[in-house]
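If you read the sequences in order, they're chains A and Y.
Plus 502 on top of the position in the first sequence (first one is 1) and you've got the numbering used here.
Plus 11 on top of the position in the second sequence (first one is 1) and you've got the numbering used here.
In this text, a Cβ means the ideal position worked out from N, Cα and C, and glycines have one as well.
Only a predicted model underlies this, so the values are computations on that prediction, with no experimental measurement involved.
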Amino acid sequence: MNRTASESSATPVHRVGSDVPFLIGLCLLGGFYILLIVATLVADALFTTPSDLARALRSPEIRYAARLSLFSSAVTTVLSLWVAVPIGYLLSRFRFPGKAFVDATLDIPIVLPPLVIGLSLLILFQFPLGGGTTLEGMVGSTSEWLVGRRWAMTYAVPGVILAQFMVAAAFAVRTLRTAFDEISPRKEQVALTLGCTRSQAFWMVLLPEARRGVLAAATLTWARSIGEFGPILVFAGATRFKTEVLPTTVFLELSIGNIEAAVAVSLLMVVMALVVLVVVRALGAGETVGRAVR
Amino acid sequence: MFKSFWLAAAISLAAIGLLAWAFVATSARDSATGDSTSADGSRAKDEPLVVYCAAGVKPPVEAAVNDYRKAYATRVELAFGGSGDLLSRMSVARSGDLFVAADTDYIEIGRAKGLIAESLPLATQTAVLAVPKGNPRGIKSIESLVAPDLRIALANPDAAAVGKEAKSILEQTGLWEQVRRAVETRGVFKPTVTDLANDLKLGAVDVAIVWDATVRQYAELEAIEINHELHSPQTVTIGVLRSSRQPARALHLARYLAARDAGLVAFEREGYKVVKGDRWQNRPALTLYIGGVLRPAVEQTIEEFRRREGVEVNTVYNGCGILVGQMKSGGLPDAYFACDRSFMAHVADVFYDPLDISRTSMVIAVTKGNPHGIGGLNDLQKAGLRIGVCNPQQSALGALTERMLRETGSLERVMENVVSQVPTADLLVAQLRAGGLDAAIVYQANYARVKDHLDAVSLGTAAAVAVQPVAVCTQSPYANLASRLVEALRTAASQKRFLASGFEWVGADRPVLLGSP
């Protein structure tokens, strides 16, 4: 045995070394980032006091802003999925002329500074369309005709949702496209040869398969929209009890030097986001586990 | 598979509907506090609105109010009389909601007596000599009134606006005493302009001084102009009474009467020259652009205004450079409250004359206890200091800071120490408080809110003052509504809030003018 071992130094045999240094390296690199996140939260928490938090929770403005944040980002998520699933599917499964252009266009909302997106929406909706009307006016008259009430887009709640949607949908598209790309088209092709239509293959084969991707896209969209601020400030304003979302509250409190309240609201957002994301992911994981068991 | 598609669509719609319902239902509590006096006139209240109305403007007001009653199923009671009569009536009764005066003077008298709050202009009318068609007595000018045996009718100067106007014209020509005696012997003094027109129509008198609009309402009469140097057009104005227990409803009706596509149409039909009124909207929405530093000073005033008028107010707070950028790209607000005159000048062509409201000086905010011993502008050049300033393009404060540093010749050396350039001063305060800066040049008003946490060093130069003007946009469909908001910002209650927020009060005395852009 000893001999063989000494021989092996001359003609080296592969030996499995320890995984520990590698894992430690991973933990160090990754831990640095996680530590940074946790440290900022701790610093935030130390900057504020329980009474600041309680005051923030009692304030009707902040309660309204929290509800509007939850409502608008949930609606944005649903709407984003409705555009992101088709776009992601088309980009992933088809080749067509101008695809590179479409792909690049979808990056614009991600690349543009948020303020510019708000400004662009503002310009678009006030742009004269001829006949003395604007897009804003058309929204008003259409809604008046449909539901008997004049809805506004600019400086109103629908504007908050549109501003969030502009940015968040782009993220949903990216995520879903990757999710569809990773699923081999093989199963769908089998379904097609077995007599399915494309629509059936999509609904019965691809979409169930992509469930996790859809969930990931939904959580990312939601998280992105609840933190959205720049375009909302410009396009929807910062009207209390109307278009004030939680990031707006932080901005408004900060703008009068009330850092305690700003931090308290930020922590409130962190808690809300954590709860929602953990619950959704747990539900999603449960579902995939359930499917695997079946 | 279309079934799956419809299922997904139905679930999505249901989810959105449920979310919207939950949001609206839970928010109703909050907004209910603000909208108890909702201007939505469709809900007829038990108490009718009482409008005191100058008799001369009865035809258009009655027509417009009838339309209003139908459109909003609400009760409105009209009481007619001479403007002066009505004014003394309401100062005794201390009740009622609105007052339509034939001439703004009565509104001003009422305001001085504490009877009237807001006022809205409606139309203009001019005093003329009225004679029967064909002018049988050959009247040419005001001097013709001294002709013997002429039967003259005038309105009582104390009771009616047109009587006051006639007296003023005659006094300027030196004919008042002579004409007054002639009226007392052969003619008649009547309490309202309508009585004068009726007397003329019946042939009981030969000539009367009435409003041009009155003559247009009587086919049997003809007008002779009075020398323009003696008088100017008077403005029919509606005032909201302080006695009104339902100001939002009263203002709703007042806005209706003063709207160019609602009440003013009736005035135009009756021959009045109408003012450029606001566009009619049951619940109009004003959009305000406001420099970020002003928010604590104006927020409550705006909220009170919104409730009293029963309108929507959208507020956009940001650095003035950013707001100007938004305006340049076409997003015009109804009114703009700038951090400094310099940032009003950029967009002056689309605003009526700005009014200065407040001012605030600039200070160097430093860490509590001033550990670096900063005593003035010169100390900012000390090596190793971390200084924050505002961006000169994005904010008024930044532009003022740059100008001041350039004038004192320290711009380059101070800029070497500048580690943070931001669009609004509040970010500097936040950075200071978080320990990222040693000193920052901010407004006194920024500092005033955090004086427990920071110290401030005075700059002591006259250049270091920013003046905050507010202006109404010439393109606004609600320019009159916006100017009432500006008025609200100039009240004593608003002044208190400005002072409490660390501003000094400038509060110009002249009224808000929508005349010249």
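Listed by chain order, chain Y residues near F573 of chain A by CB distance under 8 Å: L30, A31, A33, F34
Contact set between I539 of chain A and chain Y, taken where Cβ atoms lie within less than 9 Å: Under the 9 Å cutoff, chain Y gives no residues; its nearest Cβ is about 18 Å from I539 of chain A.
Closer than 8 Å at the beta carbon, the chain Y residues around L754 of chain A: R306, Y328
K201 of chain Y - containing beta strand (DSSP E), residue span: 199-201
Cβ contact (3+ pairs, closer than 8 Å) linking the segment 129-140 of chain Y and the segment 491-498 of chain Y: Contact check between the segment 129-140 of chain Y and the segment 491-498 of chain Y: three or more CB pairs, one atom from each, fall below 8 Å, which counts as touching.
Candidates Y:L186, Y:N238, Y:P344, Y:A269, of which the one nearest S487 of chain Y by Cα: Y:P344
Neighbour flag for N325 of chain Y against chain A, beta carbons, 8 Å: yes
Opening and closing residue of the alpha helix (DSSP H) in which T578 of chain A lies: 562-595
Per-residue contacts from Q691 of chain A into chain Y (C-beta, under 8 Å): By Cβ distance, chain Y contributes nothing, its closest Cβ being about 17 Å from Q691 of chain A, past 8 Å.
8 Å Cβ cutoff met for A113 of chain Y and Q228 of chain Y: no
Close-in-space but distant-in-sequence residues of the same chain around L626 of chain A (CB under 8 Å, 5 per side omitted): L637
Among Y:Q404, Y:P403, Y:V400, Y:I375, nearest to D390 of chain Y - alpha-carbon criterion: Y:I375
Neighbourhood of G642 of chain A by C-beta, 6 Å cutoff - its chain only, sequence neighbours within 5 removed: R652
CA nearest to the CA of A670 of chain A, picked from A:A738, A:P660, A:V585, A:P552: A:V585
Backbone CA spacing between A443 of chain Y and R742 of chain A [nearest angstrom]: Ala is not the amino acid found at residue 443 of chain Y; the sequence shown has Leu there. Roughly 27 Å separates the two Cα atoms.
Residues within the segment 736-755 of chain A neighbouring chain B, beta-carbon criterion of under 8 Å: Absent from the structure: chain B. Protein chains present are A and Y.
Strand pairing of T248 of chain Y, partner residues [DSSP]: Y:A112, Y:P132
Close Cβ partners of V461 of chain Y (< 6 Å) along its chain, the five nearest in sequence each way excluded: Within the same chain, V461 of chain Y has close Cβ partners V440.
Within-8 Å CB hit, A50 of chain Y to chain A: With a pLDDT of 41 at A50 of chain Y, under the threshold of 50, the modelled position of this residue cannot be trusted; read the value that follows with caution. Not one chain A Cβ lies under 8 Å of A50 of chain Y.
Own chain residues within Cβ distance below 6 Å of P71 of chain Y, not counting five before or after: A277, F278, E281
Strand pairing of A544 of chain Y, partner residues [DSSP]: This structure gives no information on residue 544 of chain Y, because the portion of chain Y shown stretches from 12 to 528.
T751 of chain A beta carbon less than 8 Å from that of L735 of chain A: no
C-beta atoms of P733 of chain A and M655 of chain A nearer than 8 Å: no
Within-8 Å CB hit, D345 of chain Y to chain A: No - not a single Cβ of chain A is within 8 Å of the one on D345 of chain Y.
Cβ-based contacts, 7 Å cut-off: residues of the segment 696-728 of chain A near chain Y: S701, Q702, W705, M706
Option in A:A674, A:F753, A:D546 with minimal Cα separation from G715 of chain A: Measuring from the Cα of G715 of chain A, the nearest candidate turns out to be A:A674.
Residues near W724 of chain A in its chain [Cβ-Cβ closer than 6 Å; skip 5 each side]: S575, T579
Among Y:Q183, Y:L207, Y:Q136, the one whose alpha carbon lies nearest that of R162 of chain Y: Y:L207
I612 of chain A classed as buried or exposed, judged by whether at least 16 other C-beta atoms fall within 10 angstroms: exposed
M771 of chain A burial status per 10 Å Cβ neighbour count (16 or more: buried): buried
Residue span of the beta strand (DSSP E) that contains G620 of chain A, given as start and end: It is not in any beta strand (DSSP E) - G620 of chain A instead sits in the alpha helix (DSSP H) that spans 616-628.
Chain A within 8 Å of V517 of chain Y, Cβ atoms only: no
Contacts of I625 of chain A in chain Y (Cβ-Cβ under 8 Å): Within chain Y, S340, G341, G342 have C-beta atoms less than 8 Å from the C-beta of I625 of chain A, given in sequence order.
Spatial distance of K601 of chain A from A545 of chain A (CA atoms): 46 Å
Contact test: T205 of chain Y Cβ vs the ligand NAP heavy atom, cutoff 7 Å: Inclusion of the ligand NAP in the displayed structure is not the case, the ligand content being empty and no account of it being possible.
Contacting positions in the segment 573-588 of chain A - beta carbon closer than 7 Å to chain Y: F573, A576, V577, V580, W584
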